[in-house]
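For the protein sequence lines, the chains are A and B, in the order given. Its first residue numbered 1, the first sequence is counted upward by one per residue in the numbering used here. Its first residue numbered 341, the second sequence is counted upward by one per residue in the numbering used here. Where a beta carbon is used, it is the ideal one built from N, C-alpha and C, also for glycine. Some notes on the structure that comes next.
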Amino acid sequence: MAEFKLNRDKLGELVKALKGEGYRVVAPVEQERTFVFEEVDDPGEIRLDVLRTKRSIKGWFFPRVEPTLSYEFDGQSVTCKSDLPESPPKTVIIGCRPCDAASLPMLDKLFDWDYRDEYWFKRREATTVISVACDAPDSYCFCTSVGGAPDGTAGADLVMKKTSSGDYLLEPATEKGTAIVEAAKSALDPATGNEEILVGEVPQRFDLGAVKPWLDDNFDHEYWKEISYKCLSCGVCAFVCPTCHCFDIQDESTLERGVRLKSWDSCCLPIFTRHGSGHNPRSTRDTRYRQRVMHKFTYYVDKFGVTACVGCGRCSAACPIDMNICTVVAGAAKLAETST
Amino acid sequence: MIEELRQKARELLEKGEVDLVIGYGEGSDPTRTMPVFIRRPEDCDRLVWNKYCYNNLTSYLTWPELKTAGKPAVVCKGCDAKAVVVLCKESQINREDVVVIGMSCEGVGEPLLGKCEFCDVRTPKNCDIVIGPEIEPLSKEKQYEDVEQLEGKDAADRWEFWRDQFSRCIKCYACRQACPLCYCTQCIVERNQPQWVPTSSHPKGNFAWNIMRAMHLAGRCIGCGECERVCPSNIPLMLANKKLAQVVKEQFGYESGYDIDEPLPMASFMPEDSDELFK
Chain A
1 MAEFKLNRDK
11 LGELVKALKG
21 EGYRVVAPVE
31 QERTFVFEEV
41 DDPGEIRLDV
51 LRTKRSIKGW
61 FFPRVEPTLS
71 YEFDGQSVTC
81 KSDLPESPPK
91 TVIIGCRPCD
101 AASLPMLDKL
111 FDWDYRDEYW
121 FKRREATTVI
131 SVACDAPDSY
141 CFCTSVGGAP
151 DGTAGADLVM
161 KKTSSGDYLL
171 EPATEKGTAI
181 VEAAKSALDP
191 ATGNEEILVG
201 EVPQRFDLGA
211 VKPWLDDNFD
221 HEYWKEISYK
231 CLSCGVCAFV
241 CPTCHCFDIQ
251 DESTLERGVR
261 LKSWDSCCLP
271 IFTRHGSGHN
281 PRSTRDTRYR
291 QRVMHKFTYY
301 VDKFGVTACV
311 GCGRCSAACP
321 IDMNICTVVA
331 GAAKLAETST
Chain B
341 MIEELRQKAR
351 ELLEKGEVDL
361 VIGYGEGSDP
371 TRTMPVFIRR
381 PEDCDRLVWN
391 KYCYNNLTSY
401 LTWPELKTAG
411 KPAVVCKGCD
421 AKAVVVLCKE
431 SQINREDVVV
441 IGMSCEGVGE
451 PLLGKCEFCD
461 VRTPKNCDIV
471 IGPEIEPLSK
481 EKQYEDVEQL
491 EGKDAADRWE
501 FWRDQFSRCI
511 KCYACRQACP
521 LCYCTQCIVE
531 RNQPQWVPTS
541 SHPKGNFAWN
551 IMRAMHLAGR
561 CIGCGECERV
571 CPSNIPLMLA
581 NKKLAQVVKE
591 QFGYESGYDI
601 DEPLPMASFM
611 PEDSDELFK
């Protein structure tokens, strides 16, 4: 039950209050005819109405390129130093959608698997996530098919729910969220309990329970070729995806010094699995696209017990040739139905 | 036009003149289309033609997967068909190994894409079949206006402009993958023993990639604008491509994608070539 609400005209005051408490504020803003999450100076730039930013919030925890260590060679010996940030800035991400927020606990599992990735977790600890429930989802959305909801709370510290008057009810989901309400109290009004909350509907597009068993049994099915012959093999889908997390490690160095970088990578790019020998086990488009679906809907489930897709629809919306992952997975679910 | 297109495609497949037709099919919403590969005459009704037929389908022609798929027919807008000319000139395909179905086109997108404002191939050229009415070409007189506007700035401002633009590059390589002329079997950024070009999307890596991509298309880019359209960061890649096209036009009097017999400016030497570029 929300105790407080944010008047639609007081977003600026909220941001000011949070900045006053030392938070760096990150929110959706317009950039070159598209929307992205950026650090905000002017609260007037914040676009809480934007349903789908081009890229997800993952870059604020897992940057597209980051130095992990650097080294120097003085002619005799090599000295290394870690580039792990001691204390990342205290940050609040405001205005992500519940699907983006849900990607965070999902990725926690990966980054705390055989090795605890402090680069990820230090930023996770320093960041508070305020999501905005979706009042107007679109045809690319399928969160309800992968266990989410347009007003889901997974991964969010505080959920803002739009009301019919255009204000937002604030529902804290964690202590961090409660701390935000405390920090921003001067900008908030008490909720009356009579507000009408607007939450959109996202129809269920496929039966997730049917998908995995079919994928497990149909690695060599003709379906993969049928759906992916037209895939361009670019990395857009993976790079805009909130849950795609594969990265490449590269050393950039001179004779005297170097830096080891961790950069986003994508299983759809042809070089992704090319071995040192030159052999590439995923040399064709269908094998690469299949990997993308398999990783999300079966391998990740086997390893971590959750599906690595939040149904945000970003990959589908951004795909240059209109490959729609929801249609692809729904197609697999349909094949599962007809094969039994 | 759609019916005529479907009919022609059906005939080509029925007569065995081609083994597949690469065209546009219905997309996931009414403002999109999706490439379709059609092999059976009865599937030709899946072909569509509308103002959302953005993709340059000739980029599929050089795919290794297609080499074993038989003879293709490809549906092209006038701009796309220019790529076929270049692919032939660069010995990537044989002209007789592909049937080019040109579609008369008044422009794609809503609002119209920038390239469509200066289109002189609304009735496609160099095609085997042209479907649709003859459409008057548009004037190209102002096609370099945006380039000239940027050039009006001083070097420091231009540097800042491109630095800001390239800073948004996420190195997804959609520009490369969508380009019909980026057909290298191994792109230089994938040569990693040693890694010649930094793959990370930091400023140095982004500059290296984007400038190299544009330079490699100098005298080759046909202006289909697919690189810019597919860029998830909306980087104005065509500004760089157009600048290089302008230089090649001024220096060598050459425009890419028009004449299948004219020598390639970057792959041929003539005594009368200007030396101005080597200062």
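Please look up how many angstroms separate the CB atoms of residue i and residue j, rounded, as I've assumed it's under 8 Å.
i: GLY561 of chain B; j: ASN546 of chain B; result: Position check: residue 561 of chain B holds Cys in this sequence, whereas Gly was assumed. Actually they do not touch by this definition, with Cβ atoms about 20 Å apart.
i: VAL448 of chain B; j: CYS456 of chain B; result: 6 Å
i: LYS511 of chain B; j: TRP549 of chain B; result: 7 Å
i: ALA184 of chain A; j: ALA17 of chain A; result: 4 Å
i: MET443 of chain B; j: GLY472 of chain B; result: 6 Å
i: ARG569 of chain B; j: ARG516 of chain B; result: Not really, about 14 Å apart at Cβ, beyond 8 Å.
i: PHE592 of chain B; j: PRO572 of chain B; result: In fact, because the Cβ distance is near 34 Å, the residues do not count as touching under 8 Å.
i: ARG8 of chain A; j: ASP207 of chain A; result: Incorrect: roughly 39 Å between the Cβ atoms, too far for contact.
Would you report the Cα separation of residue i and residue j, rounded to the nearest angstrom?
i: GLN204 of chain A; j: CYS134 of chain A; result: 15 Å
i: SER253 of chain A; j: ILE528 of chain B; result: 18 Å
i: CYS519 of chain B; j: LEU6 of chain A; result: 47 Å
i: TYR484 of chain B; j: GLN586 of chain B; result: 8 Å
i: LEU107 of chain A; j: PRO242 of chain A; result: 9 Å
i: LYS162 of chain A; j: ASP189 of chain A; result: 14 Å
i: GLY155 of chain A; j: VAL439 of chain B; result: 53 Å
i: ASP601 of chain B; j: VAL40 of chain A; result: 55 Å
i: CYS341 of chain B; j: GLU366 of chain B; result: Residue identity differs from the one stated: residue 341 of chain B is Met in this sequence, not Cys. Distance between the alpha carbons of MET341 of chain B and GLU366 of chain B: 15 Å.
i: ALA558 of chain B; j: TYR223 of chain A; result: 40 Å
i: ASP83 of chain A; j: HIS542 of chain B; result: 16 Å
i: ARG97 of chain A; j: CYS244 of chain A; result: 17 Å
i: GLU595 of chain B; j: CYS237 of chain A; result: 34 Å
i: GLU13 of chain A; j: LEU170 of chain A; result: 15 Å
i: PRO576 of chain B; j: SER507 of chain B; result: 12 Å
i: ARG355 of chain A; j: CYS268 of chain A; result: Outside the modelled stretch of chain A, which goes from 1 to 340, sits residue 355 of chain A, for which no answer is possible.
i: ALA2 of chain A; j: GLU45 of chain A; result: 26 Å
i: ILE321 of chain A; j: ASP42 of chain A; result: 36 Å
i: VAL36 of chain A; j: LEU104 of chain A; result: 18 Å
i: LEU406 of chain B; j: SER233 of chain A; result: 15 Å
i: HIS275 of chain A; j: SER266 of chain A; result: 15 Å
i: ASN395 of chain B; j: GLU566 of chain B; result: 7 Å
i: TYR119 of chain A; j: CYS393 of chain B; result: 43 Å
i: LYS348 of chain B; j: TRP389 of chain B; result: 13 Å
i: THR525 of chain B; j: SER164 of chain A; result: 56 Å
i: PRO270 of chain A; j: SER186 of chain A; result: 53 Å
i: ASN574 of chain B; j: GLN505 of chain B; result: 9 Å
i: LEU353 of chain B; j: THR284 of chain A; result: 26 Å
i: SER479 of chain B; j: LYS589 of chain B; result: 16 Å
i: SER228 of chain A; j: TYR400 of chain B; result: 13 Å
i: ARG52 of chain A; j: GLY235 of chain A; result: 18 Å
i: ALA27 of chain A; j: GLU38 of chain A; result: 6 Å
i: PHE239 of chain A; j: GLU476 of chain B; result: 41 Å
i: ALA495 of chain B; j: GLU488 of chain B; result: 13 Å
Excluding the five sequence neighbours on either side, which residues of its own chain have a C-beta within less than 8 Å of the C-beta of residue i, listed in chain order?
i: LEU397 of chain B; result: ILE362, GLY363, TYR364, PRO375, VAL414, VAL415, CYS416, ASP420
i: ARG346 of chain B; result: CYS384, ASP385, LEU387
CB-CB under 6 Å to residue i, same chain, minus the five flanking residues each way: which ones, in chain order?
i: TYR71 of chain A; result: VAL78, CYS80, GLY258
i: TYR23 of chain A; result: LYS90, VAL92
i: VAL132 of chain A; result: LEU48, GLY95, MET160
i: LYS391 of chain B; result: VAL448
Ignore the nearest five residues each way along the sequence and tell me which others in residue i's own chain have a CB closer than 7 Å to its CB.
i: SER263 of chain A; result: ARG64, VAL65, PHE247, ASP248, GLN250
i: THR178 of chain A; result: PRO172
i: ARG337 of chain A; result: In the sequence on display, residue 337 of chain A carries Glu and not Arg. Same-chain partners within the cutoff: ALA210.
i: PRO289 of chain B; result: Nothing about residue 289 of chain B can be read from this structure; chain B reaches only from 341 to 619.
i: PRO88 of chain A; result: LYS122, ARG123, ALA126
Mind checking whether the beta-carbon of residue i lies closer than 8 Å to any heavy atom of the ligand NAP?
i: ILE249 of chain A; result: The ligand NAP is not part of the structure shown, which contains no ligands of any sort.
What are the start and end residues of each continuous beta strand (DSSP E) run of 3 or more residues lying completely inside the segment 124-197 of chain A, in chain order? The DSSP assignment places 127-132, 158-162, 168-172 as complete runs of the beta strand (DSSP E) inside the segment 124-197 of chain A, in order along the chain (cut-off: 3 residues).
For the segment 51-87 of chain A, list the beta strand (DSSP E) runs that are entirely contained and at least 3 residues long, ordered along the chain. For the segment 51-87 of chain A, whole beta strand (DSSP E) runs of length 3 or above, ordered along the chain, are 65-73, 78-82.
For the segment 428-515 of chain B, list the alpha helix (DSSP H) runs that are entirely contained and at least 4 residues long, ordered along the chain. If we require 4 residues or more, the alpha helix (DSSP H) runs fully inside the segment 428-515 of chain B come out as 485-491, 495-507.
Between the segment 304-321 of chain A and the segment 274-290 of chain A, can you find at least three pairs of beta-carbon atoms closer than 8 Å? Flag = no, the segment 274-290 of chain A and the segment 304-321 of chain A do not touch.
Ignoring anything shorter than 4 residues or poking outside the segment 201-269 of chain A, list the alpha helix (DSSP H) runs there in chain order. Counting whole runs of 4 or more residues, the segment 201-269 of chain A contains the alpha helix (DSSP H) stretches 208-217, 223-228, 236-240.
Between the segment 373-398 of chain B and chain C, which residues of the former have a C-beta closer than 8 Å to a C-beta of the latter? No chain C is present in this structure, whose protein chains are A and B.
If we require 4 or more residues per run, which alpha helix (DSSP H) segments fall completely within the segment 276-321 of chain A? For the segment 276-321 of chain A, whole alpha helix (DSSP H) runs of length 4 or above, ordered along the chain, are 285-294, 300-304, 314-318.
Contact the segment 53-63 of chain A vs the segment 114-130 of chain A: 3+ CB pairs below 8 Å: Two segments are said to touch when three or more pairs of C-beta atoms, one from each, lie closer than 8 Å; by this definition the segment 53-63 of chain A touches the segment 114-130 of chain A.
Enumerate, from N- to C-terminal direction, the unbroken alpha helix (DSSP H) stretches of 4 or more residues contained entirely within the segment 97-128 of chain A. Entirely contained in the segment 97-128 of chain A, the alpha helix (DSSP H) runs reaching 4 residues are, in chain order, 98-111, 118-126.
contact_flag[the segment 195-203 of chain A, the segment 25-32 of chain A] where n(CB pairs < 8 Å) is 3 or more: No: the two stretches stay apart, fewer than three of their Cβ pairs being nearer than 8 Å.
At 4 residues or longer, and completely inside the segment 362-429 of chain B: list those alpha helix (DSSP H) runs for me, N to C. Complete alpha helix (DSSP H) runs here, min 4: 404-407, 418-429.
Report the start-end ranges of each alpha helix (DSSP H) in the segment 511-555 of chain B that is 4 residues or longer and not cut off at the edges. Complete alpha helix (DSSP H) runs here, min 4: 514-518.
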